[in-house]
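Read left to right, the sequence shown gives residues 2 to 292 (the working numbering). Backbone N, C-alpha and C define an ideal beta-carbon position, used for all residues, glycine too. Quick caveat, the model's predicted, so the values are computed rather than measured. Reading through the structure tokens given below for one structure.
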Amino acid sequence: MRSLHILFILVVVTWLGFPLRAQEAISIGTRHTLFSHVLNEAREYWVYVPATRPGEKEESYPVLYLLDGDSFFHSVVGFTRLFSTSKVSSLPPVVAVLNTNRTRDFTPTCSAARRDGTVRPGDKPEGGGAGQFCRFLTEELRLAVEQDLPVNGQHLLAGHSYAGLFTLHVLLNYPGAFDTYIAIDPSLWWDKGYFQKQVERQVDKVDFSGKQLYVAFATQPRLDRKLIHFPLTDDFIGSAVPRMEKRHLRVVSKKFPEETHGTVALPGFYDGLKTLFFRSAVGISLPNEPL
């Protein structure tokens, strides 16, 4: 009987020991909250800072502002940690901006138009807050981030879908706000192709010197939907990109034929970061830039 008691105690202690050893959390960043006077609401953001390798001195970094941060923070941080094994270049800290109302924040106009360009009875216009959201990023969030991080004055903006459209909108209308832009399958269909029309009107008046853009599109067709997105994509690549390049913008544009809009975000972000930060390592150069 005593042997059974000892065995029982050993089993209980062993069983209790496993969860105790599994309690330590893995942390990849910190949570922050900032009240925005521009947006009149509290906004959350998460921050990842690359670890300093043994023997390295703390250095100043560019900063990547990642939109839809609640969806992509962990993946993009994973990419930066993977790339950190290379000594070719340093990936920036990631500031992931969480959403409250993405349609309002990421769209340049108030519109009721659908993805097929139609407006049906009962459809209510929404959106149009991109200008205010850009002010929040550059006037409020950036100041808060730069108080806590050793930054070097270089700023990157990355977004997918609506956030990709916002990224292009900022590039065209406020090109000095950021230095590098990563737009993954931007929602060019918004407001019946409003952005493409805006490009045609004003791109020749903008100087993009010193700026670079990585833009990627999913081209797997959606047979269940009639979309104006794909013709606008071709028009953007064939017309808008060359005109932007003439205005001194360095552009990398790619298509992902095996991806849909919902699956292209992660391969797009991965390829964009690899292309822009590791071009010498992978044999890629941006236009007019030697390896």
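Anyone know if the C-beta pair for A217 and F278 falls short of 8 angstroms? The count along the sequence shown starts at 1 and reaches residue 217 at position 216. The count along the sequence shown starts at 1 and reaches residue 278 at position 277. Contact: no.
What do you get for T53, buried or exposed, if any count of 16 or more other CB atoms within 10 angstroms of its CB means buried? Sequence index remark: in the sequence shown, residue 53 carries index 52 (1-based). By the 10 Å Cβ count, T53 comes out exposed.
Can you give the Cα-Cα distance for I183 and D149, rounded to whole angstroms? One-based indexing of the sequence shown puts residue 183 at position 182. One-based indexing of the sequence shown puts residue 149 at position 148. One C-alpha to the other measures close to 24 angstroms.
Quick check on R32: does DSSP put it in helix, strand or coil? On the sequence shown, residue 32 is found 31 positions in, with the first residue counted as 1. Reduced to three states, the DSSP call for R32 is strand.
Between which two residues does the alpha helix (DSSP H) carrying A164 extend? If you number the sequence shown from 1, residue 164 lands on position 163. Residues 163 to 174.
What residue range does the beta strand (DSSP E) around A26 cover? Start at 1 with the first residue of the sequence shown, and residue 26 comes out as number 25. Taken as a continuous stretch (DSSP letters only), A26 belongs to no beta strand (DSSP E), as it is neither H nor E.
Out of curiosity, what's the CA-to-CA distance linking D124 and A114? Working through the sequence shown from its first residue, we reach residue 124 at position 123. Working through the sequence shown from its first residue, we reach residue 114 at position 113. Distance between the alpha carbons of D124 and A114: 8 angstroms.
Using a 10 Å radius around the Cβ and a threshold of 16 neighbouring Cβ atoms, would you call G269 buried or exposed? Here the question's residue 269 lines up with position 268 in the sequence shown. Buried.
Could you tell me which residues DSSP puts in a beta bridge with F218? Position 217 of the sequence shown, counted from the first residue, corresponds to residue 218. BP columns for F218 point to K256.
Could you confirm whether any beta carbon from chain C is found closer than 8 angstroms to the beta carbon of E246? Among the chains of the structure shown, chain C does not appear; only one protein chain is present.
Between F179 and L157, which are expected to be in contact by the criterion C-beta below 8 angstroms, what is the C-beta distance as a whole number of angstroms? For this step, residue 179 is matched to residue 178 along the sequence shown. For this step, residue 157 is matched to residue 156 along the sequence shown. Confirmed, about 6 angstroms.
With R44 as the anchor, note down where its beta strand (DSSP E) starts and where it stops. Here residue 44 is taken as the residue at index 43 of the sequence shown, counted from 1. First-last of the beta strand (DSSP E) with R44: 42 to 49.
In terms of DSSP beta bridges, what is A184 paired with? The sequence position of residue 184 within the sequence shown is 183, counting from 1. For A184, which the question treats as bridged, DSSP gives the partners G160, V216.
Who are Y66's beta bridge partners in DSSP? Start at 1 with the first residue of the sequence shown, and residue 66 comes out as number 65. Answer by DSSP bridge pairing, in chain order: V96, L158.
Return the CA-CA distance between V89 and K275, expressed in angstroms with no decimal places. The residue given as residue 89 occupies position 88 in the sequence shown. The residue given as residue 275 occupies position 274 in the sequence shown. With a pLDDT of 47 at V89, under the threshold of 50, the modelled position of that residue is not reliable, and the figure given next carries that caveat. The straight-line gap from Cα to Cα measures roughly 11 angstroms.
Report back the beta-carbon spacing between R248 and F196 to the nearest angstrom; my notes put them in contact at under 8 angstroms. Within the sequence shown, numbered from 1, the residue matching residue 248 stands at position 247. Within the sequence shown, numbered from 1, the residue matching residue 196 stands at position 195. Actually they are not in contact, since the Cβ atoms of R248 and F196 sit about 16 angstroms apart, beyond 8 angstroms.
If you follow the alpha helix (DSSP H) that E246 is part of, which residue opens it and which one closes it? Numbered from its first residue, the sequence shown carries residue 246 at position 245. Its alpha helix (DSSP H) spans residues 242 to 247.
Taking all protein chains shown into account, decide if L65 is buried (16 or more other Cβ within 10 angstroms of its Cβ) or exposed. As a working mapping, residue 65 is identified with position 64 in the sequence shown. Buried, by the Cβ-count rule.
Specify whether the region 137 to 145 and the region 230 to 249 touch according to this definition: at least 3 beta carbon pairs, one from each stretch, less than 8 angstroms apart. no
Along the alpha helix (DSSP H) that carries P126, what are the first and last residues, could you check? For the purposes of this step, residue 126 is identified with residue 125 of the sequence shown, where counting begins at 1. First-last for P126: undefined, no H or E at that position.
Using 10 angstroms around the beta-carbon of N38, count the other beta-carbons present and answer buried if the total reaches 16, otherwise exposed. For the purposes of this step, residue 38 is taken as the residue at position 37 of the sequence shown. The sequence shown places His at residue 38, rather than the Asn named in the question. Exposed, by the Cβ-count rule.
Option in N153, R32, T181, G177 with minimal Cα separation from G160: Here residue 160 corresponds to residue number 159 of the sequence shown, with the count starting at 1. Nearest option by C-alpha distance: T181.
Please confirm whether T104 and Y163 have their CB atoms less than 8 angstroms apart. To locate residue 104, count along the sequence shown from 1; it is residue 103. To locate residue 163, count along the sequence shown from 1; it is residue 162. Contact flag set, yes.
Please return the same chain residues whose Cβ sits closer than 6 angstroms to the Cβ of L35, not counting the five positions on each side in sequence. Counting from 1 along the sequence shown, the entry for residue 35 is found at position 34. Cβ within range, chain order: R44, A145.
Along the alpha helix (DSSP H) that carries D236, what are the first and last residues, could you check? Numbered from 1 along the sequence shown, position 235 holds the residue referred to as residue 236. It spans 230 to 236 - the alpha helix (DSSP H) in which D236 sits, taken as one unbroken run.
Can you give me the C-alpha to C-alpha distance between V120 and V204, rounded to a whole angstrom? Counted from its first residue, the sequence shown places residue 120 at position 119. Counted from its first residue, the sequence shown places residue 204 at position 203. Between V120 and V204, the C-alpha separation is close to 28 angstroms.
Residues near L233 by beta carbon distance below 7 angstroms, same chain, minus five either side: Position 232 of the sequence shown, counting from 1, holds the residue named residue 233. So the qualifying residues of the chain are L189, W190, G194, Q197.
Give me the DSSP bridge partner(s) of V152. Position 151 of the sequence shown, counted from the start, is the residue given in the question as residue 152. Partner(s): Y62.
G118 and I29: beta carbons closer than 8 angstroms? Counting from one through the sequence shown, the residue named residue 118 turns up at place 117. Counting from one through the sequence shown, the residue named residue 29 turns up at place 28. Result no, Cβ atoms of G118 and I29 do not sit closer than 8 angstroms.
Leaving out five residues before and five after D192 in sequence, what residues of the same chain have Cβ atoms less than 6 angstroms from its Cβ? Along the sequence shown, one-based indexing puts residue 192 at 191. So the qualifying residues of the chain are T110, S112, A114.
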